[in-house]
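Have a look at the structure below before the remarks.
Numbering (the UniProt record's numbering), first residue to last: 1 to 1117.
Below is the structure:
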């Protein structure tokens, strides 16, 4: 009875789970049966209990993988009473069902016009139907079929489908598959279908790849193994048949058994046959053990192949266009085995090593051509760490620290920072947490005693190449990267590349060059070639050039409204006569792509002309059909990087005729060069993230071409006096400025255009374009001489070329590292290592610790009663009430979520999708999205919690004691509301209209605790951080940052309302103040607060504009 009970539970509940959870379920159920003293088979096996060995062998022949997980899935599909809904991202279940059911199977999808008619016919005639590629919702018309809502009418069993009443055949079978990797089905679907997880797993893929490599290397061994499996299955089938015959005769026999001659003969024959078959089975099983032992020699090749596939498979979570099919991967794996063969003989271990090296490199090159540049290091690092993890060369606590860093919520027990001048609080958090890992024990003492030596290492331009002080130089590999991650986040990407090169090889740190002809040679007539587009790049010219070189006809169609039939005609024509078809901008007709998907399936099953090729181009789009991406060869196209490459690209678009077209040649050549520099600077400045532009704009060659024409027209029309102002306006405001939506970015563009389109560009020989000596306007010459001058530019751009400080590079590199680490964290498998804390234990501990950190809710009735007796200005009281209300909403959310987490871990409350999101974020030490509604923030969880406590304490002190004399401005969720309240207070006090008031800003060289009296007008504020510059206390003005000093604190600023008057902008920089580092903010919540007048000091306002200087109320640390 116990076996049946477990089998029932297995069939009903465990289908959606992977093998680890299935094992946990069965183990728990067996323990429960033992406790209740219910009998069950020792070493219970679900598959053996419900499936015959012969059936399993038949499934394997039809394409079902031979691992235990897949066999369990096969049993659930065939034995469950509900229709199977198979989660099948790799298409293995789909293929198995097709082969198992054969030619009689009817294959449909919900996008077919008459799919319901096919279902009706199958129901009546007892056929099998495969409903493939469903999403998270099924068609409501299938409801009666899913529910098996049959009705008995006399001897007939009928089902009502729509307005029809159909005879229901018991032979009807329905299979449903989805390619979605992690679908979320509603209870309505889940109760009517048995959801089965067919996603390929490491164990199953290893078994498949082992078969492939043994088949290729030792074909006789693999065929012998296959024959033995058949022999074992046939032997067991014979034994089962004999048992069934004996049982049948025994049940049919009447009278004495000894008088039944047939039964006696059968028993005698059965005994002889049984002994013979049993002996054969025993010998076969012994032989199988020997064969398996020989096959195990190739296990390392299958392990490496499986690791590489799952790294590839994870990339779909990085970008929806990164889809790779298992079929294509198996072809690549087999080609690696074949192409890695050498002339000499090798033993098995050496041969496996050769296959591994060749295949890993092949996977890297195959994948890199379809990845954007920013994801290539991620891929090689993931590949490297997964391989090393399997080889037990990665220490998990060290790797976890590398990913997450030091997360500290409570600093009360932390040792004091020995060098706060250069070691910021986040870096010290990292060092303190690092000290808890055994190999780093004592590093706190090392910093305390030798902080000067560590500072020397910290200040090095390339610290990853410098030795660590003292015995810490003995650290290796990932251990060195942990220290680098703690102190110099900007250099982690460089160190990661070195780490990959050292452990996998230099070629894995240097992506292969893009070669369209070579990529074309890897394709076939049934393989689409897909360009994944970047803004401002069009691959049409490259495809045209290749078609001309190879003598192929190319039909080109830019997709858009009404172009579907044109594209279909081109494809049909191409498959007949072998021409090429280029369908550009597929993302503009994403709804039509399902038609193209079917068209590709149709001609793939037919026999298209071998010369035919289908080229597609599309910007990344999550709705792009997965099957096309999986079948296709993917390529990324990106614009050139660097000032030099961008300027060369622009000059390559200028023909000799166009170059000589303008009559004022001297002026034209210099202004053209300066315009090219302007365009390149705008494009490349985006790499500095928020220090470059608030919003990254997609300027393209069309902008340059139009402005190029403007220069020619104006110079020809006005040969005597060059209309510089008109040119500047049309270029910066009408053309490039037409794309610019942020007024601070527009200000920057105008500063650049004033510098680069100017009289001295024309009049001064070798006019400098930046503070660097390499960048100047070349002397008069021909077109080729200007290209030569550009080629002499440095390969790598320094920040000074853009008017930026060198720290701007560091800031953007920190952002790049943060992106890399966050992506690595998101790709980490959610597994539990034996001996470590479970996720539930971590959450319980974390929730308990955070509950003590979350401030209490403000009791608004008491707050209002207290404030009513105060003489604080009414507008400021209103701001206080509004802030407390907003924080209360957040605090209640936090208290409720932490309470629910503790209950959810114990199974006392339902885990909703929202609560699951919060739990996942806390495990990754991130602030849950559900908590970000009160105010925007980029802080990690630990610093966010401390910041929340500090914010709330400002208002608690205000309520309990008095209005602050100096306001900590970051505490306000809406600082603009606080500023408006100050204007209202001044307007009421002085009896003047509020709209006549403006602001004066006085920077006081004082610390907040030295101010003993509140401001008479407006308020004293502090807590503001300066980014891109520092404040010179002696000269009371802006000054250039010190190296490695990305942020610097501002002194107290007096926000003083004054009657509006025209201010002199001379010597002042209007510095924008933002809520947090994302200067553009969001549509719902802009980041900009106000512009503050700051004295420029030794430099001009234009200098600080190009440096991207701004003030922030909160940083990301």
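Every residue gets a Cβ at the ideal spot worked out from N, C-alpha and C, and that includes glycine.
The alpha helix (DSSP H) enclosing residue i, as first and last residue numbers
{"i": "residue 1027", "result": "Unbroken run through residue 1027 is the beta strand (DSSP E), 1025 to 1027; no alpha helix (DSSP H)."}
{"i": "residue 1076", "result": "Looking at the DSSP string, residue 1076 is not in any alpha helix (DSSP H), and its letter there is neither H nor E."}
{"i": "residue 986", "result": "975 to 990"}
{"i": "residue 11", "result": "2 to 13"}
{"i": "residue 750", "result": "743 to 756"}
{"i": "residue 499", "result": "492 to 503"}
{"i": "residue 141", "result": "Note, residue 141: premise wrong, no alpha helix (DSSP H); not H, not E."}
Residues bridged to residue i [DSSP beta-bridge criterion]
{"i": "residue 153", "result": "156"}
{"i": "residue 185", "result": "BP columns for residue 185 are empty, so no partner."}
{"i": "residue 1093", "result": "1070"}
{"i": "residue 130", "result": "107, 175"}
{"i": "residue 618", "result": "532"}
{"i": "residue 822", "result": "DSSP, once it has assigned bridges, lists no residue as partnering residue 822."}
{"i": "residue 657", "result": "According to DSSP, residue 657 bridges with nothing at all."}
{"i": "residue 791", "result": "Per DSSP, none; premise fails for residue 791."}
{"i": "residue 1111", "result": "1026, 1073"}
{"i": "residue 1003", "result": "1053"}
{"i": "residue 582", "result": "556, 615"}
8 Å contact criterion, which residue i and residue j should meet: CB distance rounded
{"i": "residue 584", "j": "residue 550", "result": "That pair is no contact at about 20 Å."}
{"i": "residue 876", "j": "residue 980", "result": "In fact, because the Cβ distance is near 11 Å, the residues do not count as touching under 8 Å."}
{"i": "residue 183", "j": "residue 318", "result": "So it is not a contact: roughly 19 Å between Cβ atoms."}
{"i": "residue 381", "j": "residue 371", "result": "That pair is no contact at about 13 Å."}
{"i": "residue 384", "j": "residue 301", "result": "That pair is no contact at about 18 Å."}
{"i": "residue 129", "j": "residue 110", "result": "The pair is not a contact, with the Cβ atoms about 12 Å apart (cut-off 8 Å)."}
{"i": "residue 795", "j": "residue 642", "result": "7 Å"}
{"i": "residue 770", "j": "residue 778", "result": "Residue 770 to residue 778, Cβ: 15 Å. No contact."}
{"i": "residue 1110", "j": "residue 1027", "result": "5 Å"}
{"i": "residue 196", "j": "residue 313", "result": "Wrong, their Cβ atoms sit about 19 Å apart, outside the cutoff."}
Per-residue burial, residue i [other beta carbons within 10 Å of its own, 16 or more giving buried]
{"i": "residue 413", "result": "exposed"}
{"i": "residue 966", "result": "buried"}
{"i": "residue 441", "result": "exposed"}
{"i": "residue 744", "result": "buried"}
{"i": "residue 13", "result": "exposed"}
{"i": "residue 75", "result": "buried"}
{"i": "residue 684", "result": "buried"}
{"i": "residue 15", "result": "buried"}
{"i": "residue 869", "result": "exposed"}
{"i": "residue 679", "result": "buried"}
{"i": "residue 883", "result": "buried"}
{"i": "residue 736", "result": "buried"}
{"i": "residue 8", "result": "exposed"}
Under the three-state DSSP convention, the category residue i falls into
{"i": "residue 532", "result": "strand"}
{"i": "residue 613", "result": "strand"}
{"i": "residue 522", "result": "coil"}
{"i": "residue 624", "result": "coil"}
{"i": "residue 1054", "result": "strand"}
{"i": "residue 677", "result": "helix"}
{"i": "residue 1120", "result": "A query on residue 1120 cannot be resolved here, the shown segment of the chain reaching from 1 to 1117 and no further."}
{"i": "residue 566", "result": "helix"}
{"i": "residue 556", "result": "strand"}
{"i": "residue 422", "result": "coil"}
{"i": "residue 967", "result": "strand"}
{"i": "residue 310", "result": "helix"}
{"i": "residue 1032", "result": "strand"}
Residue i - containing beta strand (DSSP E), residue span
{"i": "residue 587", "result": "That residue, residue 587, is in no beta strand (DSSP E); it is neither H nor E in DSSP."}
{"i": "residue 1048", "result": "1047 to 1049"}
{"i": "residue 994", "result": "Neither: residue 994 is in no beta strand (DSSP E) and is coded neither H nor E."}
{"i": "residue 1022", "result": "1019 to 1022"}
{"i": "residue 636", "result": "633 to 637"}
{"i": "residue 167", "result": "164 to 167"}
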